[in-house]
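Enquirer: Sharing a structure below in structure tokens format, with a few things to ask.
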Amino acid sequence: MERKVFRDRIKLPIAFFIGLPSGVSSRFRLHALRLFSGRFTQACQVRGYADAPSMSLTFAAPSQVLYNNISVKQVDVPSFSGSFGILPAHVPTLAVLKPGVVTVFENDGSTKKFFVSSGTVTINEDSTVQLLAEEAVPVDTLDISAARELLAQSQSQLASASSDVAKAEAEISIEVSEALVKACE
């Protein structure tokens, strides 16, 4: 019978073998420690600050490209499943954006905020992020009085809506208007 070599298997931590029952021979423990300790310690080495991973952001709307493969520290997005932050090495995700503020933390320490009406965000395994918005406007260019006026108009449209389609459109308009007002405050 041929003896199998286990060197190519996944390496287990040394602590795994310390708590083994006393019935396990010390020869097995010694052999297992020799096999597993080298690769495990290499795999568990912590990255240094200089090796910190980076994240590439592409952020676009139909009328403009705001970021085109630009390296950033973090992106905070509003989604229907909840607002969340995206950092390098984030788990791959696909999410639908809801009306709200997207915050981009740039590598130089500055922060930029954009209001988005809707869209999608795709987070890839290689730390690239694609954020596609229906509309994207810098928050500092928004007018709070115009946003409040739009909210009042949307509420009156909902009150006077006679069909289900008109009600749905008015509700969407209210949701966007409320998010606009909140972004301005």
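Heads up, the sequence shown is in this note's numbering, so the first residue is 1 and it goes up one at a time.
Yeah, the Cβ is synthetic: ideal placement off N, Cα and C, and Gly gets one too.
In this structure, how does DSSP classify Ser162 when only helix, strand and coil are distinguished?
Expert: Taking the first residue of the sequence shown as 1, we reach residue 162 at position 162. Coil at Ser162, not helix or strand.
Enquirer: Using the beta-carbon count (16 or more within 10 Å), is Pro78 buried or exposed?
Expert: As a first step, residue 78 is located in the sequence shown; it is residue number 78 there, counting from the start. Buried: at least 16 other Cβ atoms inside 10 Å.
Enquirer: Quick check: what's the CA-CA separation for Gly100 versus Leu150?
Expert: The residue given as residue 100 occupies position 100 in the sequence shown. The residue given as residue 150 occupies position 150 in the sequence shown. Their backbone Cα atoms lie some 16 Å apart in a straight line.
Enquirer: Ends of the beta strand (DSSP E) at Glu106?
Expert: Counting from one through the sequence shown, the residue named residue 106 turns up at place 106. Unbroken beta strand (DSSP E) run through Glu106: 100-106.
Enquirer: Mind checking Gly109: buried by the 16 CB within 10 Å criterion, or exposed?
Expert: Counting from 1 along the sequence shown, the entry for residue 109 is found at position 109. Exposed.
Enquirer: Just to confirm, is the Cβ distance from Thr93 to Ile123 under 8 Å?
Expert: Mapped onto the sequence shown, residue 93 falls at position 93. Mapped onto the sequence shown, residue 123 falls at position 123. In contact: Thr93 and Ile123 (Cβ atoms closer than 8 Å).
Enquirer: Measuring alpha carbon to alpha carbon, tell me which residue in Phe59, Val121, Lys73, Lys113 is nearest Gly82.
Expert: Counting from 1 along the sequence shown, the entry for residue 82 is found at position 82. Here the closest residue by C-alpha is Val121.
Enquirer: Drop a sphere of 10 angstroms on the beta-carbon of Ile144, count the other beta-carbons inside from all chains shown, and report buried for 16 or more, exposed for fewer.
Expert: Position 144 of the sequence shown, counted from the first residue, corresponds to residue 144. Exposed, since its Cβ has fewer than 16 Cβ neighbours within 10 Å.
Enquirer: In angstroms, rounded to a whole number, what distance separates the CA positions of Lys73 and Ile172?
Expert: Counting from 1 along the sequence shown, the entry for residue 73 is found at position 73. Counting from 1 along the sequence shown, the entry for residue 172 is found at position 172. Taking the straight line joining both Cα atoms gives about 32 Å.
Enquirer: For Lys167, which residues in the same chain have their Cβ closer than 7 Å to its Cβ, ignoring the five residues on either side in sequence?
Expert: Translated into the one-based positions of the sequence shown, residue 167 becomes position 167. Once the five neighbours on either side are set aside, the close Cβ partners of Lys167 are Leu158, Ala161.
Enquirer: Specify the secondary structure class of Val190 as computed by DSSP and reduced to three states.
Expert: Coverage of the chain is limited to positions 1 through 185, which leaves residue 190 absent and any answer about it impossible.
Enquirer: Take the Cβ of Val176 as the centre, count every other Cβ of all protein chains shown within 10 Å, and call the residue buried at 16 or more, exposed below.
Expert: Position 176 of the sequence shown, counting from 1, holds the residue named residue 176. By the neighbour-count rule (16 or more Cβ atoms within 10 Å), Val176 is buried.
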